[in-house]
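Asks:
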Amino acid sequence: MPPPQVRWDPPGALKVDEQRYTQSVIVHPKGVDLSWPKHQGRSLTGKTIKAWLERYKPEVLIIGLGAGGAKLALTRKAIARLEAAKVEWHALPTRRACERYQELGQEKRIVAALHLGE
Numbered sequence: 003m004p005p006p007q008v009r010w011d012p013p014g015a016l017k018v019d020e021q022r023y024t025q026s027v028i029v030h031p032k033g034v035d036l037s038w039p040k041h042q043g044r045s046l047t048g049k050t051i052k053a054w055l056e057r058y059k060p061e062v063l064i065i066g067l068g069a070g071g072a073k074l075a076l077t078r079k080a081i082a083r084l085e086a087a088k089v090e091w092h093a094l095p096t097r098r099a100c101e102r103y104q105e106l107g108q109e110k111r112i113v114a115a116l117h118l119g120e
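So, in structure tokens, the structure goes:
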């Protein structure tokens, strides 16, 4: 089963295998998860990163930080958790994160946590 195809769909949405989403999603090799943590506010914490790493076991984690004024920040603990896990990771504006996901293709187990700023 090939990984899902992801692309930015302005304004403020994205498409995963032609299904349009207007809320933050987590794209993993088996599909899409809508369980974005609602308590996050404007920061992604080490606790959230740990949960994603344990649940999805990515080789590459791409984090879409949002677009426009609704951008997330990674806490120091989140960055430390990513570095300790020794996974390749990218934190980018969501539009660019979608592009990066497609660029990496099927080489590795890629997970994309894409924030849309709802």
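Quick note: the sequence shown uses the working numbering, first residue 3, plus one each step.
Every residue, glycine too, gets a C-beta built ideally from N, C-alpha and C.
Note that the structure is predicted; figures quoted are calculated from it, not measured.
1. For Gly48, which of helix, strand or coil comes out of DSSP?
2. Look at the alpha carbon of His30 and the alpha carbon of Ala80, and state the distance between them as a whole number of angstroms.
3. Is the beta carbon of Ser1 sitting closer than 7 Å to the one on Thr77?
4. Determine the DSSP secondary structure at Leu55, reduced to helix, strand or coil.
5. Hey, how far is the Cα of Pro60 from the Cα of Gly14?
6. Helix, strand or coil, according to DSSP, for Leu106 in the structure here?
7. Have a look at the DSSP bridge pairing and note the partners of Leu8.
8. Grouping DSSP H, G and I as helix and E and B as strand, with all else coil, what is Leu84?
9. Decide if Leu118 is buried, meaning its Cβ has at least 16 other Cβ atoms within 10 Å, or exposed.
10. Might you give, ordered along the chain, the residues of its own chain that have their beta carbon closer than 7 Å to the beta carbon of Arg102, omitting 5 neighbours on each side?
Replies: Considering the structure as presented:
1. Taking the sequence shown and counting its residues from 1, the one referred to as residue 48 is at position 46. Gly48: helix per DSSP, three-state reduction.
2. Here residue 30 corresponds to residue number 28 of the sequence shown, with the count starting at 1. Here residue 80 corresponds to residue number 78 of the sequence shown, with the count starting at 1. His30 and Ala80: Cα-Cα distance of roughly 20 Å.
3. This structure gives no information on residue 1, because the portion of the chain shown stretches from 3 to 120.
4. Within the sequence shown, numbered from 1, the residue matching residue 55 stands at position 53. Here Leu55 sits in helix by DSSP.
5. Working through the sequence shown from its first residue, we reach residue 60 at position 58. Working through the sequence shown from its first residue, we reach residue 14 at position 12. Using only the alpha carbons, I get a separation of about 26 Å.
6. As a position in the sequence shown, residue 106 is number 104, starting the count at 1. Reduced to three states, the DSSP call for Leu106 is helix.
7. By 1-based counting over the sequence shown, the position of residue 8 is 6. First, the amino acid is wrong: residue 8 is Val here, not Leu. Note: Val8 sits in a beta bridge opposite Val18.
8. As a first step, residue 84 is located in the sequence shown; it is residue number 82 there, counting from the start. Helix, per DSSP.
9. The sequence position of residue 118 within the sequence shown is 116, counting from 1. Buried, because 16 or more other Cβ atoms sit within 10 Å of the Cβ of Leu118.
10. Residue 102 sits at position 100 when you count from the first residue of the sequence shown. Excluding positions up to five away in sequence, the list reads Ile64, His92 and Leu94.
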